[in-house]
Every structure is written in structure tokens, then in C-alpha cells.
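These notes concern the structure reproduced below.
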Amino acid sequence: MELNNDEIRRYSRHLILPEVGLAGQKKIKAASVLCIGTGGLGSPIQMYLAAAGIGKIGVVDFDVVDYSNLQRQILHTDADVGRPKTESARETIKGINPNCEVVIHNTRISSENALDLIRPYDIVVDGTDNFPTRYLTNDACVLLKKPNVYGSIFRFEGQASVFAPHLGGPCYRCLYPEPPPPGMVPSCAEGGVLGVLPGIIGCIQATEILKLAIGKGTSLVGRLVLFDALKMKFSELKLRRDPACPVCGEHPTIKELIDYEQFCGIEPPSKENENPDEVTVQEMKRALDDPKLGIKVIDVREPFEYEIARIEGVPLLPMSQFEKRFTELDPNQQYYLFCKVGARSDQAAAFLRERGFKYAKNVKGGIDAWSEEIDRSVPRY
Ligand SMILES: [Zn+2]
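For reference, each letter of the sequence shown is one residue, going 127 to 507 in my numbering.
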């Protein structure tokens, strides 16, 4: 691994750091990193790694760029909306540093492909936003003995660590043995996220990757950094490896990848359509268009969301007041309940059914699906 004169000039601020130097920069150039997710965390990670001179960056994502991504996913621009995120990412990375080899994997990482995707890379960085993928990435990295540079964000708070049992630290399962019940932890799409937060957490992840590449400093192995943007405070937890961990413990029971959707209690998409407690936005439109059907539609979002986007004529009964005010509803009436994407209204409908309401159904996809499939004049947020 040699550096040419252009590279020596490009990386001069690294080369004059004694901790990096020519030897360290060559290690950075020799390193390969697989970035799972090309969103909020993936953006700063990939941009800084490319700028720093990482030789090969693999990019895994199946999604296309949406307007709602641009508030934080700085890899992508306004002109990229509708394009695959991996392609947009490759263009941005190449624009920053043409020396960086970018391998795009325009696919959803799964138990079937994860080991093959990860195997060729030195370091894996987790930039995903859902639990099944997080456990999948963890288990695949433990099985392949690859450091897993972890970060996650929600609203104003984030956390980061490096999971590497082969380097003496714990894995994600040692920290979180069980996934939260489905619907209990809202996603950023449901709960929101401050746009700059993934920038801060992603930069911590990128820093750890560069330290692993050059083998300098004290890594986050065995430590969890917690960040609160509202308080502007960092704190730290010591993490210990759990000897009983099912994947990295003394007697592992997970020796190959499992079904992570099932592990996290998420129904596979084919069964979702058969859920008798759910209706589609098309069925909701029929209910609104034809009062003779006798179905009432209720919006369970909060007033500030109603301010942003609403479906005319649909009353609001916010989730935050639901326990107090559900008695205003008639247990013999048919109800369709919707929220932003369907998670809170699913809970609200279940809440009513538990209290004897016979016909409380959740509108799958919420007002977001309504805007996408029924009425595009309703803003998506
Ligand atoms: Zn473990």
C-alpha cells in the first residue's frame, strides 16, 4: 500500500499527526468498511470516512431518497429525491474523494445475505433504524469476528459504542438481550429526530472506525456513550460482556443467523394483510365517503400534528388523552382509528377492544399512506 503525491497532499493534515503519520494513513487506505444504512447516521459516516481516505466503503440500502430525508441525510440533495440512496451516496462519496472505492449493495440486508455482505469487509458500521436489522448486524458481526460500530438516535438523544467480543468487549445482545415489544419504541419516522443529531452520533462512529483502522487510542469497546442534545451533555456507561449471552457468551445457542423479524415480534408482510384488526386507507376512504356504512373515523394524533396535516371532517382524540377520554366513544359504534403511520392507532384500537369495543380497527399506514395513496394534497411530515 503506497500513497501517490496527490494523496500525500490530500492527507497532509493526517500525515503530520504523529499518531497517524504515513504508516497510519496507509492503514486507513488499506481498510474496508461496510456501512449498513445510508440515512442520517450513514451520511456523516460515509462522507468523513471518504474524506479521511478509507480505501473501500460498502454501502447497503434498499430505499430511495424521500423529501423527508433531506432534513438530516446530507449525503443526498434535493435533486436526488426518488433516486436509490446507494447511487446518490456513491456520487457524493466519489465527489469528496475519487480515490475511495465505493461498492453499492442495493438490497435489504437479511439473514440470507448478511454473512456474504459482511465477510469481505474489515469493519461494519450500523446506521440502521430498526431492531431486526440491529440484531441481525450484531449476530453476523459476532459470528464473523468483525467490529460492529454501533450508533442509534431518537428525538434529541443518541448513543454509540463498539461491539467486538473478539476484542474483549460485549455485543449488542449483552446490552439489550431482548428487543422491546413491537410498537413500544417509536421509530424516528413516528417520534421525530433533531436533524443535526445523527451528525453528532455518526461522527462519533466515524472517529471510532478511523481509530480501529490505525490501531490508536482507546476505543469504545466496553463503553456506551450517551448524548443528550437538549441538555448538551455526554455521559458514559461501562459495559460488561454477559457470559450467558446467547451469541457471544460461554455457551452460545445462536450459531447461525435466525429470523429477526420473528425474534422482534414483527409479523412478516404477507400475514399483515390478513390482520382482521386492520383496514387500509382505501377502506377508510369508503367509510368517509359513505356515511350509510355507519363507520366513524378518528384521528389519534396530537394537536401539533393536526396543525401540520389533517383529513377534513375527521375528529381528533389525541393518544395523550386517550385513557381519560375514550369514554366519550360508544362501545357499539364501528371505529377506524388512524395516526401518522399506524403504530399509535394500532395501540389505541387494541386499547378499545380490551375495553369491550367490538369494531375498533387500525388504519394501516395512517395519514402518511392516505397522502401517498388517496390525497396527495395532504402534506407528508
Ligand atoms: Zn453478547
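No residue lacks a Cβ here, since even glycine has one placed at the ideal position from N, Cα and C. None of these values were measured; they are calculated from a predicted model.
Straight-line gap, residue i to residue j (C-alpha atoms, nearest Å)
i       : j       : result
Ser-503 : Leu-270 : 48 Å
Glu-449 : Trp-496 : 26 Å
Val-268 : Cys-297 : 7 Å
Glu-128 : Arg-135 : 13 Å
Gly-163 : Val-322 : 17 Å
Ile-180 : Val-288 : 18 Å
Gly-325 : Pro-457 : 47 Å
Ala-355 : Arg-412 : 44 Å
Thr-263 : Ala-240 : 7 Å
Val-319 : Phe-280 : 5 Å
Phe-360 : Val-351 : 7 Å
Glu-398 : Pro-312 : With a pLDDT of 48 at Glu-398, under the threshold of 50, the modelled position of this residue cannot be trusted, and the question is left open.
Glu-454 : Lys-357 : 39 Å
Arg-245 : Glu-404 : 40 Å
Ala-156 : Cys-329 : 21 Å
Asp-472 : Ile-437 : 18 Å
Lys-220 : Pro-144 : 28 Å
Tyr-247 : Gly-295 : 20 Å
Asn-131 : His-377 : 51 Å
Pro-307 : Leu-301 : 16 Å
Residue j beta carbon less than 9 Å from that of residue i
i       : j       : result
Gly-168 : Leu-201 : yes
Lys-337 : Asn-401 : no
Glu-283 : Phe-353 : yes
Ile-340 : Val-146 : yes
Met-410 : Glu-428 : no
Lys-364 : Gly-348 : yes
Ala-178 : His-140 : yes
Ile-384 : Ser-236 : no
Arg-366 : Gly-375 : no
Pro-303 : Pro-372 : yes
Pro-505 : Ala-332 : no
Lys-508 : Ile-493 : As shown, the chain starts at 127 and ends at 507. That puts residue 508 outside it, with no answer to give.
Ser-214 : Asp-206 : yes
Asp-265 : Ile-392 : no
Gly-166 : Asp-189 : no
Val-426 : Leu-443 : yes
Gln-151 : Tyr-174 : no
Val-509 : Ile-500 : Residue 509 lies beyond the range of the chain shown here (127 to 507); nothing can be said about it.
Thr-218 : Gln-172 : yes
Tyr-507 : Glu-382 : no
Pro-291 : Tyr-386 : no
Gly-309 : Ala-475 : no
Arg-209 : Val-191 : yes
Phe-452 : Arg-481 : yes
Simplified DSSP assignment, three categories, for residue i
i       : result
Asn-223 : coil
Glu-498 : helix
Gly-102 : The requested residue 102 is not part of the displayed model; the chain covers only 127 to 507.
Ile-183 : strand
Phe-257 : helix
Cys-329 : helix
Lys-271 : coil
Lys-397 : In this predicted model, Lys-397 has a pLDDT of only 48, less than 50, meaning its place in the structure is not dependable; the value taken from the coordinates is given anyway. Looking at Lys-397 - three-state DSSP - the assignment turns out to be helix.
Asn-488 : strand
Leu-160 : strand
Pro-312 : coil
Pro-307 : coil
Phe-289 : strand
Glu-362 : strand
Leu-243 : helix
Pro-378 : coil
Pro-417 : helix
Per DSSP, cross-strand counterpart(s) of residue i
i       : result
Gly-284 : Ile-279, Phe-353
Lys-411 : In the DSSP output, where bridge partners are listed per residue, Lys-411 has none listed.
Tyr-462 : Val-423, Lys-487
Asp-252 : Ile-162, Tyr-276
His-231 : Val-186
Leu-336 : None, per the DSSP bridge assignment.
Leu-167 : According to DSSP, which records beta bridges pairwise, Leu-167 is partnered with nothing at all.
Leu-443 : Looking at the DSSP assignment, Leu-443 forms no beta bridge with any residue, so it has no partner.
So, do the segment 182 to 191 and the segment 224 to 242 have three or more beta carbon pairs nearer to each other than 8 Å? yes
Can at least three beta-carbon pairs, one atom from the segment 273 to 288 and one from the segment 234 to 251, be found at a separation below 8 Å? yes
*Can at least three beta-carbon pairs, one atom from the segment 477 to 490 and one from the segment 447 to 462, be found at a separation below 8 Å?*
With a cut-off of 8 Å, the segment 447 to 462 and the segment 477 to 490 count as touching, because enough Cβ pairs lie within range.
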